[in-house]
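One structure is given below, encoded as structure tokens.
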Amino acid sequence: MAGGVCRSTAGLDGKTILITGANTGIGKETAVDLARRGARIILACRDMDRADSAAEEVRKRSGNDNVVVKKLDLSSLKSVRQLAEDVLANEQRLDVLINNAGIMACPQWKTEDGFEMQFGVNHLGHFLLTNCLLDLLKKSTPSRIVNVSSLAHEKGQIYFDDINQEKSYRPWKSYAQSKLANVLFTKELAHRLRGTGVTTYSLHPGVIRTELGRYFMPTIPLWKRIVYKPFSFFIKSPTEGAQTTIYCAVEESLQNESGFYYSDCARKTAAPQGLDDEAAKRLWDLSAAMVGLTQSQ
Numbered sequence: 001m002a003g004g005v006c007r008s009t010a011g012l013d014g015k016t017i018l019i020t021g022a023n024t025g026i027g028k029e030t031a032v033d034l035a036r037r038g039a040r041i042i043l044a045c046r047d048m049d050r051a052d053s054a055a056e057e058v059r060k061r062s063g064n065d066n067v068v069v070k071k072l073d074l075s076s077l078k079s080v081r082q083l084a085e086d087v088l089a090n091e092q093r094l095d096v097l098i099n100n101a102g103i104m105a106c107p108q109w110k111t112e113d114g115f116e117m118q119f120g121v122n123h124l125g126h127f128l129l130t131n132c133l134l135d136l137l138k139k140s141t142p143s144r145i146v147n148v149s150s151l152a153h154e155k156g157q158i159y160f161d162d163i164n165q166e167k168s169y170r171p172w173k174s175y176a177q178s179k180l181a182n183v184l185f186t187k188e189l190a191h192r193l194r195g196t197g198v199t200t201y202s203l204h205p206g207v208i209r210t211e212l213g214r215y216f217m218p219t220i221p222l223w224k225r226i227v228y229k230p231f232s233f234f235i236k237s238p239t240e241g242a243q244t245t246i247y248c249a250v251e252e253s254l255q256n257e258s259g260f261y262y263s264d265c266a267r268k269t270a271a272p273q274g275l276d277d278e279a280a281k282r283l284w285d286l287s288a289a290m291v292g293l294t295q296s297q
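FYI, the UniProt record's numbering numbers position 90 of the sequence shown as 90, with every residue one higher than the one before it.
Shown next as structure tokens:
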């Protein structure tokens, strides 16, 4: 298996885990592993038909029937709030929140609320969802928040003067900004949750064979695809790519760590811009204003 492997045998009987974007790729493989450990799994997905199909697969592969599907469109703040209200009304606990869903290198699209799509889906939607579910996470301690970021954060910066990339949109620049936002969000969240029993983790899953690249692959010239082909050996399968997410969700030794960045099932040092406390706080304040977060949430 390429990269690190989660070797924890921790059981999750009686635990509830919510995973966004779990109908495909590493999200689905994460769900299978955690369901095998006995957890109640909530798949929060945009496409309900595909989510229902994925849930049935997770049940069959894990032998755990306690797998449910809930609607979530991260490009809509209304949808995010509706999911949070559903969870708060119907779930007794939430032990792990895995913010896994993402979009990569898409055209210059806008969310329902007018935000640049990658920043809106990859960061703002998860920022709001996490904050709306914090009270339930605090009631379920020790609990964890796992944010799936990317090595791409190393190439990113937060364009505070053009957060929606309206002056100059480039798909990869926007993606890198959103993935850096995941790292900074994890860091600031850890600071704000210190002493509550809720811990936070961000991670790079590896370069994965998933649907995430569906928007940029058609734009690559054929000759480049041929040149890149020999390097596909180093690309992880979804099962391999899920290992660090699983590690951050269950590894017992991480219980007293919070706010850090992981790759290949090991703690790593994030890029310098991912360690900037001032930028992390500034991003939090900007994000809260953008999504209309109130002090009570």
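For every residue, glycine included, the Cβ atom is placed at its ideal position computed from N, Cα and C. Note that this is a predicted model, so its numbers are computed, not measured.
- Counting C-beta pairs with one atom in each stretch, the segment 77-85 and the segment 47-65 have fewer than three that are closer than 8 Å, which means they do not touch.
- Per DSSP, reduced to three states, the secondary structure at K138 is helical.
- Counted as a single uninterrupted DSSP element, the stretch harbouring C248 is not any beta strand (DSSP E) but the alpha helix (DSSP H) occupying residues 243-250.
- The secondary-structure analysis by DSSP pairs T294 with nothing; it has no beta-bridge partner.
- In the assembly as shown, Q92 is an exposed residue. Its beta-carbon has fewer than 16 other beta-carbons within 10 Å.
- When secondary structure is reduced to three states using DSSP, S174 falls in the helix class.
- Less than 9 Å separates the beta-carbon of G259 from that of L189.
- Bridge pairing for V68: I42 [DSSP].
- The beta carbon of A22 lies closer than 6 Å to those of K28, A31, L43 in the same chain, with the five residues before and after it left out.
- Looking at the DSSP output, N99 shares a beta bridge with N147.
- A straight-line Cα-Cα distance of about 32 Å links A10 and E154.
- With 16 or more other Cβ atoms from the protein chains shown falling within 10 Å of its own Cβ, D276 counts as buried.
- Across the structure, F115 and D49 are spaced so that their CA atoms are roughly 26 Å apart.
- For the pair A289 and R61, the Cα-to-Cα distance works out to about 42 Å.
- Note: R267 is bridge-paired with Y262 in the DSSP secondary-structure output.
- For I26, the uninterrupted alpha helix (DSSP H) segment begins and ends at 25-36.
- In the three-state reduction of the DSSP assignment, L18 falls in the strand class.
- Remark: C-beta atoms of L184 and L283 approach each other more closely than 9 Å.
- Under the three-state reduction of DSSP output, V198 falls in the strand class.
- Within the same chain, Cβ atoms closer than 7 Å to the Cβ of S150 are found at K179, H204, the five residues on either side in sequence being excluded.
- By a beta-carbon distance limit of 8 Å, E251 contacts C6. Their separation comes to about 7 Å.
- Contact between N147 and T199 fails: their C-beta atoms lie close to 12 Å from each other, not under 8 Å.
- The C-alpha of S168 lies about 19 Å from the C-alpha of H123.
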